[in-house]
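>
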Amino acid sequence: MSEKLEKRNREKRKTDPLTAEEWLYFFILPFFTPSSNHRDDHFSESEIDRFKRYGFEKKLKQAYRVKAYGYLFWMVMIFIMAVIVNRWF
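So the sequence shown is numbered by the working numbering: it starts at 516 and just counts up by one.
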């Protein structure tokens, strides 16, 4: 019985979407590295590696897409700030 449950849970995890917290991390922090002393890995890259390792296909696809949206968001924000600064100075 537990093998069936474990297999069902494994399949469910493969098709689960990103959680809201994961989505925000990939969107807001697509290229920032944590500043903690005990951790020197890059959060979004380590999460993508975890998704690949455990076969979370849906989360992997969403992570790449949300990360691209995050890069686009920051590029647009930098452009807007440059325009505002250029207009005022």
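Every residue, glycine too, gets a C-beta built ideally from N, C-alpha and C. Remember, predicted model here, so these are calculated numbers, not experimental data.
(1) Using CA coordinates, which residue listed in 594, 577 and 573 is at the minimum distance from residue 526?
(2) Is the separation between the beta-carbon of residue 542 and that of residue 570 shorter than 8 Å?
(3) Identify whether residue 530 lies in helix, strand or coil by the three-state DSSP scheme.
(4) Just to confirm, are residue 559 and residue 540 a CB contact at a threshold of 8 Å?
(5) For residue 575, which three-state DSSP category applies?
Put simply:
(1) One-based indexing of the sequence shown puts residue 526 at position 11. Nearest of 594, 577 and 573 to residue 526, Cα basis: 573.
(2) Within the sequence shown, the letter at position 27 stands for residue 542. Within the sequence shown, the letter at position 55 stands for residue 570. Going by C-beta atoms, residue 542 is not nearer than 8 Å to residue 570.
(3) Translated into positions along the sequence shown, residue 530 becomes position 15. Assigned with DSSP and collapsed to three states, residue 530 falls in helix.
(4) Counting from one through the sequence shown, the residue named residue 559 turns up at place 44. Counting from one through the sequence shown, the residue named residue 540 turns up at place 25. Yes, the pair counts as a contact, with Cβ atoms nearer than the cut-off.
(5) Taking the first residue of the sequence shown as 1, we reach residue 575 at position 60. Residue 575: helix per DSSP, three-state reduction.
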